[in-house]
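K.L.:
Pasting a structure below so you can have a look.
There are 2 protein chains.
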Amino acid sequence: MSDTATAPRRRSRGGGGAARRAERTAVSVETAKYIERNIPNFEVLTEEALEIIEANAETVLAEIGVNFVDNPDALELWRAAGAEIDGERVRIPRGLARQLASTAPSTITQHARNPERSVEIGGKSLVIAPVYGPPFVRDAQGGRRYATMEDFNKFVKLGYMSKWLHHSGGTVCEPTDVPVNKRHLDMLYAHMSLSDKPFMGSVTEPVRAQDSVEMAEILFGGLDGRTAMTSLININSPMTFDSIMMGALEVYARANQACIISPFIVGGAMAPVSVAGTLTQVLAEVLAGVAYSQLVKPGAPVIFGAFVTSIDMNSGAPTFGTPEASHITYGAGQLARRLGLPYRSAGSFCGSKLPDAQAAYETANSLNMGLLSGVNFMLHGCGWLEGGLVASFEKFVMDADQLGTLHHFARGVSVDANAQAMDAIEEVGPGGHYLGCAHTQANFKDAFWRSDLFDYKPFETWADEGERDTVALASARVEKMLADYQQPMLDPAIDEALRAYVRQKKESMPDAFI
Amino acid sequence: MSDTATAPRRRSRGGGGAARRAERTAVSVETAKYIERNIPNFEVLTEEALEIIEANAETVLAEIGVNFVDNPDALELWRAAGAEIDGERVRIPRGLARQLASTAPSTITQHARNPERSVEIGGKSLVIAPVYGPPFVRDAQGGRRYATMEDFNKFVKLGYMSKWLHHSGGTVCEPTDVPVNKRHLDMLYAHMSLSDKPFMGSVTEPVRAQDSVEMAEILFGGLDGRTAMTSLININSPMTFDSIMMGALEVYARANQACIISPFIVGGAMAPVSVAGTLTQVLAEVLAGVAYSQLVKPGAPVIFGAFVTSIDMNSGAPTFGTPEASHITYGAGQLARRLGLPYRSAGSFCGSKLPDAQAAYETANSLNMGLLSGVNFMLHGCGWLEGGLVASFEKFVMDADQLGTLHHFARGVSVDANAQAMDAIEEVGPGGHYLGCAHTQANFKDAFWRSDLFDYKPFETWADEGERDTVALASARVEKMLADYQQPMLDPAIDEALRAYVRQKKESMPDAFI
């Protein structure tokens, strides 16, 4: 593939123990470069609609305002910047938030410890990270159960082995067997040691964000202003900024680490049931959050986030892959670009309990809209199940395989002389066939995207092999990828320093499970 | 739903046998109006790329030419129009095909016997018809087997009952238990009597096209120039027009019945492995076919067709829902619009043997690209399985449900005062929730698309009910729709005339099974 970088492959074994060890740790796997779109964005909102929504968002900020809870320092920053403070309510004069937001960079370079895996977030790029946050895991063998650190490590390994995945992510599942106040240490160590792709930091307490920064400094041998993490700062929609998330944001902004500032909206519950109303609230919330990040540190790298689902008003369940969620995702992309900010949205969203056809319809709808809406950072790009309650092993590899379609589609259409293929059309002529012609022979290997998972076999072969469905194929692929996994090389001194940091931090406090 | 028309519902029973019969036949079901897009098209080709492809297509026609096989009358028409004839090869001077094509209408009204179900094909419309052509059927109970007329009738009933499906289609499966030379009569009678949605005519022999026209005349009480059928005329790619398909086209064109003129391309076999090369050939072929239709009858209604799949070069299997097929579908839509012709492409394409996650990923990719590429007539919109070899009962209702997402997405985004929802944002304020607010109460019923099939239940309920996957839910839905089905009213005199026509035609010839 022209857009994949392959690190050195394993050579034949030989030599002493040290040589074997070096060889073993030098093994790497093919990973595609992040997507650079050579296609236009799809834009669902007219200029008039955009102007209405932008004007309404300013009205919301100026007349209704937002709450910064338990955060007197934030209120003071806002007051000094010219906002009107009323208790915890912050009313932001028209234009102020947009003006403050203008110091945020339009593109962020997030460094990976393997420089080939560093990513650009912004412009025409699309960087894809796996599912984030599920307390449960599911696989075909064990069904649905609480996630453990062992599951977490497996997901990090699968992410490392997934060709079309650029990012190791963050809380790929909640390791519920590790105390709440310590699990961020194990999760960070897993990302840092089991993968060499970029990763996310902890946001569950400001002190854990600080731990994340310190571990990143160990991993990178000092950050020197480099951005090494992209972390998820959720807004408590509607229009509430709590002190935990803002505290984490403050830590990361001061350390020049990137934050996704993201409303978390189930439509009809945390925002109006209408698309335009939801977009208005999303824009107001992001403007306030981004402006605040720039008050904390001008130039801090931030991403315009939008996590929005629709709701089934019969059951109250959030619904995924729906047309209204698509409208919002496309529209928010337009709003983000007009702000000059990188954009985070979409993912492998589905509501299904199983990695079945429902899950795949919903997910494919979401992935396609993610690409075409201009998303720059796609969290939850694979493995999401049951409304985000579950990280599915099979769905992880199913989705990760589908991400290849986004890479190939984003290349756009070449019209160079080879692509025009006039020689082939002339050579074959009416009634002929192209399978053997020179142009086909020269181009077939790279011509068409091919799934590494799906069934393309003749019916009879497929029947003889047990009529396996996608879940069965995915189960086998999970096993194979974990069996093939080999840890990427990490300087033993750094590894030991990270282990020591985790050990000391854990020893410094009692376990907490809430 | 604001975009659905509901015919009178069944009232309570009463009165004598005739009244009951009238009541029974008056029952109808909700069917959405065909889609009228209030969204832009997605365009993957630049102006420069379009001009290169258009120029190359003219070169193909002028220098390589196309074959009209076993069709001396066609060669004579071409010669008279200024083409160069060499055996069966027709070389068309630059610009001639495009000039001839210009008399084809840009929009076609296809009449249904129920005028509420008539459709516009062209402009911003999207009309969706079910799968066409599979020799096999599959369901969860009976597995995969040869299709019969009983299966065919079931699919027509399911199509009639499917809210988001506008068209009854044509050969929804091949009724292999009916002689080849007679099955078109039974298929047409099924569409005419079991549904009141528009349908397609036979193309397997010119005489069967003539039978189709005559049966449509009986159904409509004379056609008076109205278009009552849209039929599928495949080109034998590369660049071959056989006398059977052209004979059917001639019958339909002279009777002012619409034809889809459609290359049938497995990329790398019937066209070059490159997107630009395939688009060049598609355009050349469609230009030649449309031009020929206008030589037969200027003003004949035709549709720019493009059936294109990629191929797995490992196995030779056609592959579906792939990014290269999407590039071609988007590009062909641009070419069709520049010709001012209605556009047919996309569908519920998949290569999977089962209606599983693979099938759904591939299908969702295809359906989404179909909407955004500006397709006006989508054949195979539901029920396609295993590369088109199989019509699946479960997938038919799964896909038909998903078509609702296209309807809702195509509505675009309203920014009227109600949609802006500023009253709701003010009423709820920071930290509140929207579930009970006045705007939500007034709007929730129509706010979000909702699947009639998918599982939205709480986990515990779903588990208690047997952990059903999408196939299990779809099986139950197929049964329910067939149980609920009631035949739409048809004038008994017309019904008897159609039966008599079919009977006489069948008696006029011996059975043939090839």
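Protein chains in written order, with full-length UniProt numbering: chain A, 1 to 514; chain B, 1 to 514. Just so it is clear, CB atoms sit at the ideal spot from N, CA and C, and this is done for glycine as well.
Under 7 Å Cβ-Cβ, which residues of chain A neighbour B:V413?
P.N.:
Locating residue 413 of chain B in the second sequence gives position 413, where the first residue counts as 1. Under the 7 Å cutoff, chain A gives V44, L45, A49, V275, A276, H327, G331.
K.L.:
Cα-Cα, which of B:N56, B:R89, B:L100 is closest to B:L295?
P.N.:
Start at 1 with the first residue of the second sequence, and residue 295 of chain B comes out as number 295. For B:L295, the nearest C-alpha among the options comes from B:L100.
K.L.:
Quick check on the DSSP output: the beta strand (DSSP E) that includes A:L339 runs from which residue to which?
P.N.:
The residue labelled residue 339 of chain A in the question sits at position 339 within the first sequence. Looking at the DSSP string, A:L339 is not in any beta strand (DSSP E); the run it does join, the alpha helix (DSSP H), is 323 to 339.
K.L.:
With 16 other CB atoms within 10 Å as the buried threshold, where does A:K480 fall?
P.N.:
Taking the first residue of the first sequence as 1, we reach residue 480 of chain A at position 480. Exposed, by the Cβ-count rule.
K.L.:
Please report how far the alpha carbon of A:R98 lies from the alpha carbon of A:Q281, in whole angstroms.
P.N.:
Position 98 of the first sequence, counted from the first residue, corresponds to residue 98 of chain A. Position 281 of the first sequence, counted from the first residue, corresponds to residue 281 of chain A. Taking the straight line from one Cα to the other gives about 15 Å.
K.L.:
Please tell me whether A:A419 has its Cβ less than 7 Å away from any Cβ of chain D.
P.N.:
Within the model displayed, chain D is absent; protein chains A and B are what it includes.
K.L.:
Give me the residue from A:T176, A:G82, A:N234 with the minimum Cα distance to A:P263.
P.N.:
Walking along the first sequence from the start, residue 263 of chain A turns up at place 263. When each option's Cα is compared against that of A:P263, the closest is A:N234.
K.L.:
Could you pull out every unbroken alpha helix (DSSP H) segment of at least 4 residues lying fully inside the region 430 to 459 of chain A, listed in chain order?
P.N.:
With a minimum length of 4 residues, the continuous alpha helix (DSSP H) runs that stay inside the region 430 to 459 of chain A are 438 to 447.
K.L.:
For a contact defined as C-beta to C-beta under 8 Å, what are the partners of A:E324 on chain B?
P.N.:
As a first step, residue 324 of chain A must be located in the first sequence, where it is residue number 324. The contacting residues are H408, A447, F448, W449.
K.L.:
For A:Y146, count neighbouring C-beta atoms within 10 Å of its own C-beta (all shown protein chains included) and say buried if the count is 16 or more, exposed if not.
P.N.:
If you number the first sequence from 1, residue 146 of chain A lands on position 146. Result: exposed.
K.L.:
Using a C-beta to C-beta distance shorter than 8 Å, which residues of chain B count as neighbours of A:V282?
P.N.:
Residue mapping note: residue 282 of chain A aligns to position 282 of the first sequence, counting from 1. Under the 8 Å cutoff, chain B gives no residues; its nearest Cβ is about 11 Å from A:V282.
K.L.:
Expressed to the nearest angstrom, what Euclidean distance is found between the alpha-carbon atoms of B:T25 and B:A419?
P.N.:
Reading the second sequence from its first residue, position 25 is the one you call residue 25 of chain B. Reading the second sequence from its first residue, position 419 is the one you call residue 419 of chain B. Per-residue confidence for B:T25 stands at a pLDDT of 47, beneath the threshold of 50, marking its modelled position as unreliable; no derived number is given.
K.L.:
State the CB to CB distance for the pair B:T230 and B:F349, rounded to an integer number of angstroms; the pair is presumed to be in contact (CB under 8 Å).
P.N.:
Start at 1 with the first residue of the second sequence, and residue 230 of chain B comes out as number 230. Start at 1 with the first residue of the second sequence, and residue 349 of chain B comes out as number 349. Contact doesn't hold; Cβ gap of about 19 Å is too wide.
K.L.:
Using the rule of at least 16 other Cβ atoms within 10 Å of the residue's Cβ for burial, across every protein chain shown, is B:S310 buried or exposed?
P.N.:
By one-based count along the second sequence, residue 310 of chain B stands at place 310. B:S310 comes out buried.
K.L.:
Residue range of the alpha helix (DSSP H) that B:T176 falls in?
P.N.:
In the second sequence, counting from the first residue as 1, residue 176 of chain B sits at position 176. Per DSSP, B:T176 belongs to no alpha helix (DSSP H) and is neither H nor E.
K.L.:
Mind listing, in chain order, the continuous alpha helix (DSSP H) runs of no fewer than 4 residues lying wholly within the region 71 to 118 of chain B?
P.N.:
The qualifying runs are 72 to 81, 96 to 101.
K.L.:
Assuming B:A104 and B:S293 are in contact, meaning their beta carbons sit under 8 Å apart, how far apart are those beta carbons, in whole angstroms?
P.N.:
Position 104 of the second sequence, counting from 1, holds the residue named residue 104 of chain B. Position 293 of the second sequence, counting from 1, holds the residue named residue 293 of chain B. Confirmed, Cβ separation roughly 7 Å.
K.L.:
Name the two residues that bound the continuous alpha helix (DSSP H) containing A:A366.
P.N.:
The sequence position of residue 366 of chain A within the first sequence is 366, counting from 1. The sequence shown places Ser at residue 366 of chain A, not Ala. Per DSSP, A:S366 belongs to the alpha helix (DSSP H) from 357 to 372.
K.L.:
What does A:F439 reach in chain B if we use C-beta pairs closer than 9 Å?
P.N.:
The count along the first sequence starts at 1 and reaches residue 439 of chain A at position 439. Reading off the sequence, residue 439 of chain A comes out as His, not Phe. Within chain B, the residues near A:H439 are P272, V273, S274, G277.
K.L.:
Compare the C-alpha of B:W164 against each of B:M313, B:S451, B:I108 and name the closest.
P.N.:
Counting from 1 along the second sequence, the entry for residue 164 of chain B is found at position 164. Closest by alpha carbon: B:S451.
K.L.:
Starting from the beta carbon of A:Y434, find every residue of chain B whose beta carbon is closer than 8 Å, and list them in chain order.
P.N.:
On the first sequence, position 434 is the one that residue 434 of chain A refers to. Simply P238, G268, A269, M270, A271, P272, V273.
K.L.:
Is it right to say B:S508 is buried, meaning 16 or more other beta carbons lie within 10 angstroms of its own, or is it exposed?
P.N.:
Translated into the one-based positions of the second sequence, residue 508 of chain B becomes position 508. Counting Cβ neighbours within 10 Å, B:S508 comes out exposed, since fewer than 16 surround it.
K.L.:
Pull up the CB-CB distance for A:G305 and A:P134, whole angstroms please, since I reckon it's below 8 Å.
P.N.:
Taking the first sequence and counting its residues from 1, one reaches residue 305 of chain A at position 305. Taking the first sequence and counting its residues from 1, one reaches residue 134 of chain A at position 134. Wrong, their Cβ atoms sit about 19 Å apart, outside the cutoff.
K.L.:
Go ahead and pull the three-state DSSP assignment for A:E205.
P.N.:
Counted from its first residue, the first sequence places residue 205 of chain A at position 205. Correct three-state label for A:E205: coil.
K.L.:
Rank A:V290, A:S125, A:A332, A:Y501 by C-alpha distance to the C-alpha of A:F307 and give the top, closest one.
P.N.:
Against the first sequence, residue 307 of chain A aligns to sequence position 307. Ranking A:V290, A:S125, A:A332, A:Y501 by Cα distance to A:F307 puts A:A332 first.
K.L.:
Specify the secondary structure class of A:M489 as computed by DSSP and reduced to three states.
P.N.:
As a first step, residue 489 of chain A is located in the first sequence; it is residue number 489 there, counting from the start. Residue state, collapsed to three classes: coil.
K.L.:
If you count every other CB in all the chains shown that lies within 10 Å of the CB of B:T461, and 16 or more means buried, which is it?
P.N.:
Counting from 1 along the second sequence, the entry for residue 461 of chain B is found at position 461. Looking at its Cβ environment, which holds fewer than 16 other Cβ atoms inside 10 Å, B:T461 is exposed.
K.L.:
Using only alpha-carbon positions, find the residue among B:V428, B:L341, B:A474 that is nearest to B:S125.
P.N.:
Taking the first residue of the second sequence as 1, we reach residue 125 of chain B at position 125. Of B:V428, B:L341, B:A474, the residue nearest in Cα terms is B:L341.
K.L.:
Could you tell me which of B:L385, B:L96, B:A271 sits nearest to B:A325, measuring between CA atoms?
P.N.:
Residue mapping note: residue 325 of chain B aligns to position 325 of the second sequence, counting from 1. When only C-alpha atoms are compared, the closest one is B:A271.
K.L.:
Which stretch, first to last residue, makes up the beta strand (DSSP E) that contains B:L232?
P.N.:
The sequence position of residue 232 of chain B within the second sequence is 232, counting from 1. Run containing B:L232: 230 to 235, per the beta strand (DSSP E) assignment.
K.L.:
Within the continuous beta strand (DSSP E) that includes residue 528 of chain B, where are the two ends?
P.N.:
The displayed coordinates of chain B run from 1 to 514. Any statement about residue 528 of chain B would go beyond what the structure contains.
K.L.:
Less than 7 Å between the beta carbons of A:H439 and A:A421, yes or no?
P.N.:
The residue given as residue 439 of chain A occupies position 439 in the first sequence. The residue given as residue 421 of chain A occupies position 421 in the first sequence. Taking 7 Å as the Cβ cut-off, A:H439 and A:A421 qualify as a contacting pair.
K.L.:
Using a Cβ-Cβ distance under 7 Å, would B:N368 count as near chain A?
P.N.:
Residue 368 of chain B sits at position 368 when you count from the first residue of the second sequence. Yes, contact with chain A.
K.L.:
In the DSSP assignment, the beta strand (DSSP E) including B:L126 goes from what residue to what residue?
P.N.:
Here residue 126 of chain B refers to the residue found at position 126 when the second sequence is read from its first residue. Looking at the DSSP string, the run of the beta strand (DSSP E) that includes B:L126 is 125 to 128.
K.L.:
Can you find a C-beta in chain B that's less than 7 Å from the C-beta of A:K353?
P.N.:
Numbered from its first residue, the first sequence carries residue 353 of chain A at position 353. Yes, contact with chain B.
K.L.:
Indicate the three-state DSSP secondary structure (helix, strand or coil) for B:T227 in the structure shown.
P.N.:
Taking the first residue of the second sequence as position 1, residue 227 of chain B is located at position 227. B:T227: strand per DSSP, three-state reduction.
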